[in-house]
Amino acid sequence: MLNYAVKRLGLSVAIVSLAMFLLFCMIYLVPGDPASVALGPRATEAMKEAMRVRMGLDQPVWVQFWNFFTGAWTGDLGEEVLSGRPVLDVVLEQLPYTLVLIAGGISWSVALGIPLGCWAAINRGSFADRLVGILSVAVIAVPSFVVAIYALLIFAVTLQWLPAIGAGEPGDVGDQLVHLILPSLAVGLGWVGYIARMVRASMLEVLEASHIRTARAFGLPERLITYRYALTIAILPTITLLGIGIGQMLSSAVFAEIVFARPGVGKLVYDAILTRNFPLVTGAVLVTTVIFVLLNLIADLIVGALDPRVRSSF
Amino acid sequence: MSEAVSSPPARTRSDFGRSVRRLLREPLGLFGLSLVLLVILGAVFADLLTQWDPTRINPRDRFLGPSAAHLLGTDQLGRDLFSRVLHGGRIALYVALVSTAISLAIGIVLGLIAGYGPRWLDNLMILLFDAMKSFPTVMLALALVTITGPSLTSVILVVILVNVPGYARIVRTQTIAIKSSEFVTAAQSMGASTARILRVHIMPNVIGPLVILASMDIPVVIAIEAGMSFLGLGVRPPTPSWGSILNDGFGQIRETPWIAIAGGLPIIIITLGFTFLGETLRDVFDPRLKGRG
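Protein chains in written order, with our numbering: chain A, 22 to 335; chain B, 164 to 456.
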């Protein structure tokens with residue numbers, strides 16, 4: 022297991038390093054001089070020159086890359102162009118909003134997906150099963166930004182049940198939760214489908230298992246067998262699925278944050294692009310990439326710990 | 164002898180015909196097919212179906228609700244939304260076809276190289292594929308557009324970057340599985356060149372499942388185009404795109420909700436259509452792929 026964990030960790034480090042390299046190439050290729058962007062149109066040539074030195078732009082490419090690379094690994098992602106604050110601080114300030122949004126998305130997908138999948142598995146082959154199958158595929162297919170806009174249109178604009186914009190009053194948890202309902206639905210709805218399908222498949226497998234047959238032979242009530250003995254096992258693959266899911270929910274979160282005008286990393290990157298604040302763009306992209314890689318690492322390590330076959334094939 | 168070393172027989176014509184008939188018997192597949200056809204026909208015959216120019220600005224007709232003259236209403240510049248939706252379909256289908264074809268071509272070549280080439284190259288390419296996939300899609304799109312600027316080409320580039328690693332991995336896995344099979348060993352021992360082995364013996368066995376998977380990715384591709392255009396990172400105005408219509412509508416969602424509805428509806432129709440069709444196709448053509456994803 023240790024051998025596997027070290028190898029898997031090495032892969033993650035390599036992936037993050039490669040991502041940093043790609044990001045550096047991107048910044049380097051961006052048309053326009055970052056120093057002139059930072060100082061605005063009225064800056065003199067001397068001011069620009071001083072700014073270039075301060076940003077390290079006067080050095081050879083490979084020195085710039087090395088500085089970026091070592092800086093990034095130690096958490097120094099440079100300074101934001103407009104206010105001069107460290108990029109990492111700005112990103113970490115926005116990150117909790119995005120994480121809460123994703124947690125909300127997971128709540129929706131688990132709360133709806135597990136019962137639906139369970140229901141379909143118990144009524145295998147019935148109309149209900151088919152309906153859940155079609156619904157799952159349908160919610161996976163429809164893009165999250167369309168869900169976000171239609172949810173906004175129906176529940177916030179037309180019915181006016183829920184607020185349309187913002188993250189709620191700071192400090193008022195109830196208000197914040199109410200503001201979370203629609204955006205997190207947009208983030209999580211697609212995953213309702215994935216989880217329902219996953220739970221259905223593994224539930225069907227578990228219901229055939231011998232310990233379930235034994236439980237039946239002992240005459241335990243069907244309800245107890247289903248929820249207590251079958252579902253607790255059938256739910257396990259869902260956990261690893263969510264590990265991957267969180268990364269994809271990051272993408273949906275960007276749209277949800279923009280549509281519902283919520284603070285968060287997605288909104289931050291979007292606004293940074295509009296204002297051509299490139300260090301902020303690369304910094305935020307890097308932070309989300311690291312989170313994504315980390316989550317996949319954790320999911321793989323959990324699977325590796327549970328299933329020796331995965332370890333040996335690596 | 165030559166019989167024994169030839170590739171496994173490909174599907175015959177009658178097999179294909181039977182699969183198509185089975186597809187048409189599945190209600191879900193038929194429903195999906197009709198949705199897709201609806202959009203395709205709408206895009207192809209856009210000029211016959213509506214007299215309105217999708218980019219012509221009519222300041223006197225701004226924000227008209229749906230009516231007999233304007234089936235879906237007009238937007239903030241007085242442009243007919245029905246016409247914009249139909250022409251937006253052309254953009255969506257164009258991006259889907261072009262970027263999927265390019266992704267497939269690159270994915271097949273890279274996958275064959277990784278699967279058939281030396282071990283170190285394989286490891287390096289797998290690492291690259293994993294690194295590419297470690298960017299969340301939207302973040303990748305946002306980062307890329309900062310360099311290239313918003314355009315149709317940027318959208319196609321993002322789709323290729325998102326799709327190629329997955330396709331290449333599938334091709335690689337299949338290639339590795341097939342390259343140790345008897346008919347490949349036999350071809351090698353008879354002196355067939357690497358290029359010939361790849362083209363005649365490995366490619367045909369790799370391409371079938373790949374094309375089915377690629378067709379199931381089409382709704383994702385269309386979603387990427389619409390999503391990027393919605394964020395203003397894709398198709399530039401005034402070219403009609405479903406995403407940019409949705410964005411126009413989002414800005415006016417309280418006063419004139421029909422613009423957002425007109426932009427979202429075709430996206431829902433086409434993604435549902437392709438997904439239902441793809442699910443059924445997969446079950447009919449290749450039951451082995453069932454349960455993937």
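Just so you know, even glycine gets a beta-carbon here, dropped at the ideal spot from N, CA and C.
Original post:
Taking the runs of the alpha helix (DSSP H) that are 4 residues or longer, which of them lie wholly in the stretch 254–321 of chain B?
Top reply: Fully enclosed alpha helix (DSSP H) runs of 4 or longer: 282–296 and 300–311.
Original post:
Can you tell me whether A167 of chain B is buried or exposed, with buried defined as 16 or more other CB within 10 angstroms of its CB?
Top reply: Within the second sequence, residue 167 of chain B is the residue found at index 4, counting from 1. Note that A167 of chain B scores 43 on pLDDT, short of 50, meaning its location in the model is unreliable and no value can be drawn from it.
Subject >> Cross-chain neighbours of I155 of chain A in chain B, by beta carbon under 7 Å >> reply: The residue you call residue 155 of chain A lines up with position 134 of the first sequence. Per Cβ cutoff of 7 Å: L191.
Original post:
P242 of chain A versus chain B: which residues are under 7 Å apart at the beta carbon?
Top reply: Here residue 242 of chain A refers to the residue found at position 221 when the first sequence is read from its first residue. Neighbours of P242 of chain A on chain B: none; closest Cβ ~31 Å, over 7 Å.
**OP:** Sort out for me which residues DSSP pairs D243 of chain B with in a bridge.
**Re:** Position 80 of the second sequence, counting from 1, holds the residue named residue 243 of chain B. Looking at the DSSP assignment, D243 of chain B forms a beta bridge with B:T237.
Subject >> Nearest-angstrom Cα separation, counted from V325 of chain B out to I260 of chain A >> reply: Position 239 of the first sequence, counted from the first residue, corresponds to residue 260 of chain A. Position 162 of the second sequence, counted from the first residue, corresponds to residue 325 of chain B. Distance between I260 of chain A and V325 of chain B, taken at the CA atoms: about 24 Å.
Subject >> As assigned by DSSP and simplified to three states, the class of E243 of chain A >> reply: Within the first sequence, numbered from 1, the residue matching residue 243 of chain A stands at position 222. Taken through DSSP and simplified to helix, strand or coil, E243 of chain A comes out as helix.
Original post:
Considering P367 of chain B, what are the terminal residues of the alpha helix (DSSP H) in which it resides?
Top reply: Taking the second sequence and counting its residues from 1, one reaches residue 367 of chain B at position 204. Where P367 of chain B is concerned, the enclosing alpha helix (DSSP H) stretches over M366 to F393.
Subject >> Beta-carbon spacing of A142 of chain A, L225 of chain A below 9 Å >> reply: For the purposes of this step, residue 142 of chain A is taken as the residue at position 121 of the first sequence. For the purposes of this step, residue 225 of chain A is taken as the residue at position 204 of the first sequence. Contact annotation: A142 of chain A and L225 of chain A have beta-carbon atoms nearer than 9 Å.
Subject >> Three-state secondary structure assigned by DSSP to E100 of chain A >> reply: The residue labelled residue 100 of chain A in the question sits at position 79 within the first sequence. In the structure shown, E100 of chain A falls within a strand segment according to DSSP collapsed to helix, strand and coil.
Original post:
Looking at the structure shown, is P284 of chain A part of a helix, part of a strand, or coil, going by DSSP?
Top reply: Counted from its first residue, the first sequence places residue 284 of chain A at position 263. Note: P284 of chain A maps to coil in three-state DSSP.
Original post:
How big is the Cα-Cα spacing for F179 of chain B and L320 of chain B?
Top reply: Within the second sequence, the letter at position 16 stands for residue 179 of chain B. Within the second sequence, the letter at position 157 stands for residue 320 of chain B. Whole-angstrom Cα-Cα distance: 33 Å.
Original post:
How would you list, in chain order, the residues of chain B whose beta-carbon sits under 7 Å from the beta-carbon of A207 of chain A?
Top reply: Walking along the first sequence from the start, residue 207 of chain A turns up at place 186. Near A207 of chain A there are no residues of chain B at all, since even the closest Cβ is about 12 Å away, more than 7 Å.
Original post:
Out of curiosity, what's the CA-to-CA distance linking R225 of chain B and T237 of chain B?
Top reply: Taking the second sequence and counting its residues from 1, one reaches residue 225 of chain B at position 62. Taking the second sequence and counting its residues from 1, one reaches residue 237 of chain B at position 74. Distance between the alpha carbons of R225 of chain B and T237 of chain B: 6 Å.
**OP:** List the DSSP bridge partners of P107 of chain A.
**Re:** Here residue 107 of chain A refers to the residue found at position 86 when the first sequence is read from its first residue. A:E100.
**OP:** Specify the secondary structure class of I256 of chain A as computed by DSSP and reduced to three states.
**Re:** The residue labelled residue 256 of chain A in the question sits at position 235 within the first sequence. Note: I256 of chain A maps to coil in three-state DSSP.
**OP:** Would you mind working out which of B:R445, B:I375, B:I339 and B:F439 sits nearest L152 of chain A, comparing C-alpha positions?
**Re:** On the first sequence, residue 152 of chain A is found 131 positions in, with the first residue counted as 1. If you compare the alpha carbons of B:R445, B:I375, B:I339 and B:F439 with that of L152 of chain A, the shortest gap goes to B:F439.
Original post:
L291 of chain B and L173 of chain A: beta carbons closer than 9 Å?
Top reply: Sequence index remark: in the second sequence, residue 291 of chain B carries index 128 (1-based). Sequence index remark: in the first sequence, residue 173 of chain A carries index 152 (1-based). In this structure, L291 of chain B lies away from L173 of chain A, with their beta-carbon atoms at least 9 Å apart.
**OP:** Could you please give the first and the last residue of the uninterrupted alpha helix (DSSP H) stretch that includes P300 of chain A?
**Re:** Translated into positions along the first sequence, residue 300 of chain A becomes position 279. In the DSSP annotation of this structure, the continuous segment of the alpha helix (DSSP H) that includes P300 of chain A starts and ends at F299 to L327.
Original post:
Of all the alpha helix (DSSP H) runs that stay within the bounds of the stretch 173–258 of chain A, which reach a length of 4 or more residues?
Top reply: Taken in chain order, the whole alpha helix (DSSP H) runs of length 4 or more contained in the stretch 173–258 of chain A are 194–228, 231–238 and 252–255.
Original post:
Name the chain B residues whose beta carbon is nearer than 7 Å to that of T309 of chain A?
Top reply: To locate residue 309 of chain A, count along the first sequence from 1; it is residue 288. Against T309 of chain A, the close residues of chain B are P299 and M302, in the order they occur along the chain (beta-carbon pairs closer than 7 Å).
Original post:
Of the residues that make up the stretch 403–417 of chain B, which ones have a beta carbon closer than 7 Å to any beta carbon in chain A?
Top reply: Answer in chain order: L409, F413, I416 and R417.
**OP:** Take every Cβ of the stretch 239–246 of chain A, pair it with every Cβ of the stretch 160–171 of chain A, and state whether three or more of those distances are shorter than 8 Å.
**Re:** No, because fewer than three Cβ pairs between the stretch 239–246 of chain A and the stretch 160–171 of chain A fall closer than 8 Å, the two stretches do not touch.
Subject >> Neighbourhood of N298 of chain A by C-beta, 7 Å cutoff - its chain only, sequence neighbours within 5 removed >> reply: Translated into positions along the first sequence, residue 298 of chain A becomes position 277. Excluding positions up to five away in sequence, the list reads E101, V102 and L103.
Subject >> Straight-line Cα distance separating S378 of chain B from P184 of chain A >> reply: As a working note, residue 184 of chain A is residue 163 in the first sequence. As a working note, residue 378 of chain B is residue 215 in the second sequence. Cα to Cα, the separation comes out at about 39 Å.
Original post:
Are any of the Cβ atoms in chain A nearer than 9 Å to that of A386 of chain B?
Top reply: Your numbering for residue 386 of chain B matches position 223 in the second sequence. It does; some Cβ of chain A falls within 9 Å.
Subject >> Limits of the unbroken alpha helix (DSSP H) element including L156 of chain A >> reply: As a first step, residue 156 of chain A must be located in the first sequence, where it is residue number 135. For L156 of chain A, the enclosing alpha helix (DSSP H) starts and ends at F148 to A162.
**OP:** Check the Cβ-Cβ distances between S272 of chain A and every residue of chain B, and say whether any is below 9 Å.
**Re:** What you label residue 272 of chain A is simply residue 251 of the first sequence in a count that begins at 1. At least one CB atom of chain B sits nearer than 9 Å to the CB of S272 of chain A.
**OP:** For the alpha helix (DSSP H) holding M41 of chain A, just list the boundary residues, first then last.
**Re:** Within the first sequence, the letter at position 20 stands for residue 41 of chain A. Per DSSP, M41 of chain A is one residue of the alpha helix (DSSP H) stretching across L23 to L50.
Subject >> Selection from A:W94, A:L120 and A:C46 that minimises the alpha carbon distance to S205 of chain A >> reply: Locating residue 205 of chain A in the first sequence gives position 184, counting from the first residue. S205 of chain A has its Cα closest to that of A:L120, out of A:W94, A:L120 and A:C46.
Original post:
Exposed or buried, P117 of chain A, counting other C-beta atoms within 10 Å across all chains shown (16 or more means buried)?
Top reply: Taking the first sequence and counting its residues from 1, one reaches residue 117 of chain A at position 96. It is exposed - the Cβ of P117 of chain A has fewer than 16 other Cβ atoms within 10 Å.
Original post:
Using a Cβ-Cβ cut-off of 8 Å (strictly less than) and excluding sequence neighbours within five positions of I319 of chain A, which residues of its own chain qualify?
Top reply: In the first sequence, counting from the first residue as 1, residue 319 of chain A sits at position 298. Excluding positions up to five away in sequence, the list reads G264.
Original post:
If you compare alpha carbons, which of B:A268, B:L186, B:D243 and B:S297 is closest to V374 of chain B?
Top reply: Taking the first residue of the second sequence as 1, we reach residue 374 of chain B at position 211. Just measuring C-alpha positions, the residue of B:A268, B:L186, B:D243 and B:S297 sitting nearest V374 of chain B is B:A268.
Original post:
So, helix, strand or coil for W12 of chain A, using DSSP?
Top reply: This structure leaves residue 12 of chain A out entirely; chain A is present only between 22 and 335.
Original post:
At a Cβ cut of 8 Å, what residues of the stretch 431–444 of chain B count as close to chain A, listed as they run along the chain?
Top reply: Cβ contacts with chain A come from I431, T434, L435, F437, T438, F439 and E442.
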